[in-house]
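2 protein chains.
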Amino acid sequence: MTLATLSVKQLVDSYQWRYAVKRFDPSKQIDAATWSAIEKSLVLTPSSFGLQPWKFFVISSPENKAKLSAISWNQSQPSDCSHMVVLTARKTVDEAYVDSFLAKTAMQRNVSVESLVGYRVVVLGFLKNAMGRHLAWSSNQAYIALGQLLASAAMLGVDACPMEGIAVAEYDKLLGLFGSEYTTIVGCALGYRHSDDHYASLPKVRFDACELVTHL
Amino acid sequence: MTLATLSVKQLVDSYQWRYAVKRFDPSKQIDAATWSAIEKSLVLTPSSFGLQPWKFFVISSPENKAKLSAISWNQSQPSDCSHMVVLTARKTVDEAYVDSFLAKTAMQRNVSVESLVGYRVVVLGFLKNAMGRHLAWSSNQAYIALGQLLASAAMLGVDACPMEGIAVAEYDKLLGLFGSEYTTIVGCALGYRHSDDHYASLPKVRFDACELVTHL
């Protein structure tokens, strides 16, 4: 496959263009083809061991988006955006889950489950060592998905606002996650900036590259 | 600014093309312009409150790359790749750090530090509530940077291998982080796949979209 790559200028311009939207234009919706690519970007996110310890919720109905704003300190982003994504992660990763992943691997790679036994031992060994810290690990994985999601949106010219510090228990309730293996980690509103969002024109604040990057 | 966006097909093709490289081609180096864009992608990564609680180490000298392989269970990726990035995060985020960020904000936005006092109160309130969990939070932020890094590399046609579970204490020692506010979180080797890396041709394993994505 020959890959059509982005120029370095396009990449950096896209990251300069993005910002955390404060006010979305509620009249602008993400079209179906673009949304489909964003969902594929979520599903294709890399994860440790390939385990994908997450589920993604996409909220686009006006009723449910309004409910999300109500449990997000009435911030307008969930209700005014086009699509809200809530990234959730597994609280524990158990043997049954690993086996469901290995079954999927065997099927998609057309190999036997038995041939994956070495990998199974490595993964289960890692999970045993990480006992009590599974959610911290799966939360980190969900943030890879958030990073890839924000990058994908920027590349497609779609605006976004990552939303941390949301009310986990209320989100879990709304998403029907009580009693499940998953819990809310972080949200991301996606859509298009309102022409009146003055945050769009503020200079981006970053430490200097020489403060953040060390070459060895 | 008119943004030159990527087509949805290019985006998805890039994510299909990428995989976790097992064997890099040591004869292929990332050129300076491409590397510069990748570093900009790191620096421009979004973070909670914009706090950027991280430092990035770029290891490209053969001697130091070999040292990294030696403390990475002799995996070949650090020594054979072109550039190895180690993402580190702050162990605590204190008032002095927040003030250094606000000073940077004031300078880059040409406003007074005093005008940012409301934001200061919100950020310090968040950090007080998160006392004892700063590293978990800053680790999550570092994983946003990892996600954006992996996406950026894919968009530019650069191969990568994220490396979790590395020996933190040994990495911290090599990077000179002992006694500092930062600690190693995760690594990422970048370069170009070896033509003999058979992992490149394996089908990508993902749960079905209907298993991972719920629409509400």
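Protein chains in written order, with our numbering: chain A, -15 to 200; chain B, -15 to 200.
Just so it is clear, CB atoms sit at the ideal spot from N, CA and C, and this is done for glycine as well.
This one's a predicted model, so the numbers in the text were calculated from it and none came from an experiment.
- By alpha-carbon distance to P10(B), the top candidate from F33(B), V(-4)(B), K24(B), M68(B) is M68(B).
- Residues of the region 112 to 136 of chain B with a C-beta atom less than 7 Å from some C-beta of chain A are A120, S123, N124, Y127, I128, A129, L130, G131, Q132, L134, A135, S136, listed in chain order.
- Within chain B, the residues L200 have their CB atoms less than 9 Å from the CB of N48(A), given in chain order.
- Residue-level contact by beta carbon holds for G149(A) and chain B, with a gap shorter than 8 Å.
- The continuous alpha helix (DSSP H) containing M139(A) extends over residues 118 to 139.
- For T89(A), there is no enclosing beta strand (DSSP E); the residue is found in the alpha helix (DSSP H) stretching over 79 to 93.
- Judged by DSSP in its simplified three-state form, V142(B) adopts coil rather than helix or strand.
- According to the DSSP assignment, C194(A) belongs to the alpha helix (DSSP H) that extends over 193 to 196.
- Contact annotation, F40(B) with L26(B): C-beta distance approximately 5 Å; criterion of less than 8 Å satisfied.
- No Cβ-Cβ contact shorter than 8 Å links C172(A) with M139(A).
- The alpha carbon of T(-11)(A) has as its nearest neighbour, out of T18(B), S32(B), S96(B), L28(B), the alpha carbon of T18(B).
- Remark: C-beta atoms of V77(B) and S32(B) do not approach each other more closely than 8 Å.
- Comparing alpha-carbon positions, the option among Q0(A), R190(A), S136(A), R93(A) lying closest to K24(A) turns out to be S136(A).
- Under the 8 Å criterion on CB atoms, K88(B) is classed as interfacial with respect to chain A.
- Taking T168(B) as reference, the option from D180(B), L119(B), Y81(B), I128(B) with the minimal CA-CA separation is L119(B).
- R7(A) does not reach chain B, its nearest Cβ partner there being about 17 Å away, counting only Cβ pairs nearer than 8 Å.
- For V(-8)(B), the closest of D156(A), V142(A), T29(A) by C-alpha to C-alpha distance is V142(A).
- Taking all protein chains in view, the Cβ of W57(B) is surrounded by fewer than 16 other Cβ atoms within 10 Å, so the residue is classified as exposed.
- For a Cβ distance threshold of 9 Å, nothing in chain B lies close to F162(A): the least Cβ distance comes to about 15 Å.
- Looking at the DSSP output, H199(A) bridges to V42(B).
- In this chain, the beta strand (DSSP E) harbouring A73(A) covers 67 to 74.
- The alpha-carbon of S63(A) is positioned some 5 Å away from that of K49(A).
- Burial check for V101(A): the Cβ neighbour count within 10 Å stays below 16, so the residue is exposed.
- For Y166(B), the enclosing beta strand (DSSP E) covers residues 166 to 175.
- Assigned with DSSP and collapsed to three states, A4(B) falls in strand.
- For a Cβ distance threshold of 8 Å, residue set R190, F191, L196 of chain A lies close to Q36(B), ordered along the chain.
- With a threshold of 16 other beta carbon atoms within 10 Å, N124(B) meets it and is buried.
- For R93(B), the chain A residues whose C-beta falls within less than 8 Å of its own C-beta are L186, P187, V189, listed in chain order.
- The continuous alpha helix (DSSP H) containing R104(A) extends over residues 101 to 113.
- From the listed residues D180(A), G175(A), P187(A), the smallest Cα separation to S44(A) is found for G175(A).
- Looking only at T72(B), N94(B), N113(B), S(-2)(B), the smallest Cα-Cα distance to P187(A) is reached by N94(B).
- Counting every other CB atom within 10 Å of its CB across the protein chains shown gives G131(A) a total of 16 or more, marking it as buried.
- Interface annotation for the region 61 to 81 of chain A against chain B: empty, criterion Cβ-Cβ distance under 7 Å.
- In this structure, V82(B) and R117(B) do not form a Cβ contact; the two beta carbons are roughly 16 Å apart against a cut-off of 8 Å.
- Residue-level contact check: K39(A) touches chain B, since one or more beta carbons of chain B fall below 8 Å from its beta carbon.
- Apart from the 5 residues on each side of it in sequence, D156(A) sits with its Cβ closer than 7 Å to the Cβ of F162, T167, T168 in its chain, given in chain order.
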